[in-house]
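Residue numbers (the numbering used here): 1 to 308. A short write-up of the structure that comes next.
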Ligand SMILES: NC(=O)C1=CN([C@@H]2O[C@H](COP(=O)(O)OP(=O)(O)OC[C@H]3O[C@@H](n4cnc5c(N)ncnc54)[C@H](OP(=O)(O)O)[C@@H]3O)[C@@H](O)[C@H]2O)C=CC1
Ligand SMILES: O=C(CO)COP(=O)(O)O
């Protein structure tokens, strides 16, 4: 197989390694690349996008002018939300940007608990490939699976993609919880109620609730909320230590998509009156409208209610 990877950051480079190990011919493009985008995608069977959300639109518009085989499958690995709304007033997901630019091509989403540094160190991991086109998803599963990267297919691409994007907001909250040294009980409560928020938003959007209990939902939530390798976790942790967001981001290695995702999510929740109290406090914290301690108090003192 000929695989083109767009984006040579932490995740793009890791995916290059996984595809090469499986014996595929792999080319990679980034803005610093000596090769043009045209050279990199020439003859590609798979085009894997591992770009951060803010670059997706610009890369798509560059790719649109190039010629691709009609069988080329796009795989998006970006975990973010595009701020521009759809006709239903919902933010756009990366796969929707790819699909509307390339309507006749299969688009698949790769998402799961995949901290890139662990995979680069050769540790085993599992992930999910989801698409409306199940045949395409199965093809990608065969191409990228290995003894250290186990891939499951899933037929709820919306739920899989939303899980990967929304868990980043909760990872910021949990990073702050750990930064304040609030203990294991508090962390378990945040993760569990955070998952409830993800499901509330996801099912409003049209995703299946059960998808959020899988690898791309709960699985990724657990990975990012339990690892200091997670950039989103590091953002929350740094804020809890009294650093400003600017300081935290300037010291961060790579992208923390949860910062932008929180803003997009809160706009939707406000417009549609969806209850997302943890994400709301994360938003306030990022805007410096609340201290980490006051955010905890606000969550603990909400009106009493049933769990479900
Ligand atoms: N790291 C991880 O563990 C995982 C990350 N992800 C997701 O993958 C995506 C990328 O993450 P990661 O690799 O860690 O992030 P990095 O910050 O390491 O890399 C970001 C990549 O996006 C590219 N990029 C950013 N803006 C633009 C633009 N305007 N035009 C073209 N390219 C652009 C960068 O290109 P350049 O080098 O030219 O600046 C770089 O290749 C994120 O959405 C993340 O959530 C998913 C699973 C695991
Ligand atoms: O999505 C990831 C792991 O699955 C990476 O998380 P961070 O972007 O928070 O580092």
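For every residue, glycine included, the Cβ atom is placed at its ideal position computed from N, Cα and C. As the structure is a prediction and not an experimental result, all values here were calculated from the model.
If you check the C-beta of residue 226 against ligand 2, you find no heavy atom less than 6 Å away. Per DSSP, residue 57 has no beta bridge partner at all. Under the three-pair Cβ rule at 8 Å, the stretch 225-243 does not count as touching the stretch 121-140. Minimum Cα-Cα distance from residue 49 among the listed residues 58, 75 and 142 corresponds to 75.
In this structure, the CA atom of residue 297 is about 14 Å from the CA atom of residue 189. The count of Cβ pairs closer than 8 Å, one atom from the stretch 86-101 and one from the stretch 52-69, reaches three, so the stretches are in contact.
Between residue 164 and residue 216 the beta-carbon gap is near 6 Å, inside 8 Å, which marks them as a contact. Of 283, 282, 192 and 274, the smallest CA-CA separation from residue 307 is found for 192. Contact annotation, residue 202 with residue 162: C-beta distance approximately 5 Å; criterion of less than 8 Å satisfied. A distance below 7 Å between beta-carbons, with the five flanking residues on each side excluded, links residue 177 to the following residues of its chain, in chain order: 186, 187 and 190. In the three-state scheme derived from DSSP, where H, G and I count as helix and E and B as strand, residue 154 is classed as strand.
Within the DSSP bridge table, the entry for residue 74 names 47 and 107 as partners. Measuring C-alpha to C-alpha distances from residue 269 to each of 138, 108 and 166 identifies 166 as the nearest. The beta carbon of residue 199 sits no closer than 6 Å to any heavy atom of ligand 1. Under the three-state reduction of DSSP, residue 85 is assigned to strand. Per DSSP, the beta bridge partners of residue 92 are 82. Judged by DSSP in its simplified three-state form, residue 126 adopts strand. Across the set 81, 236 and 210, the C-alpha of 210 shows the shortest separation from the C-alpha of residue 156. Nearest in C-alpha terms to residue 194, of all of 12, 154 and 280, is 280. For the options 107, 180 and 170, the alpha carbon positioned closest to that of residue 257 is the one of 170. For residue 25, there is no enclosing alpha helix (DSSP H); the enclosing beta strand (DSSP E) has its first and last residue at 25-29. When the alpha-carbon of residue 6 is set against those of 19, 172 and 37, the nearest one is in 37. Residue range 2-6 is occupied by the beta strand (DSSP E) that includes residue 6. Taken through DSSP and simplified to helix, strand or coil, residue 149 comes out as strand.
Per DSSP, the continuous alpha helix (DSSP H) segment holding residue 239 begins and ends at 231-240. Residue range 277-286 is occupied by the alpha helix (DSSP H) that includes residue 280. A distance below 6 Å between beta-carbons, with the five flanking residues on each side excluded, links residue 109 to the following residues of its chain, in chain order: 76, 95, 130, 157, 160 and 161. In the three-state DSSP reduction, residue 250 falls in the helix class (H, G or I).
Looking at the DSSP output, residue 131 bridges to 108. In the three-state DSSP reduction, residue 292 falls in the helix class (H, G or I).
Listed in chain order, the alpha helix (DSSP H) runs fully inside the stretch 157-214 are 157-179 and 184-205, counting runs of at least 4 residues.
For residue 41, the enclosing alpha helix (DSSP H) starts and ends at 37-41.
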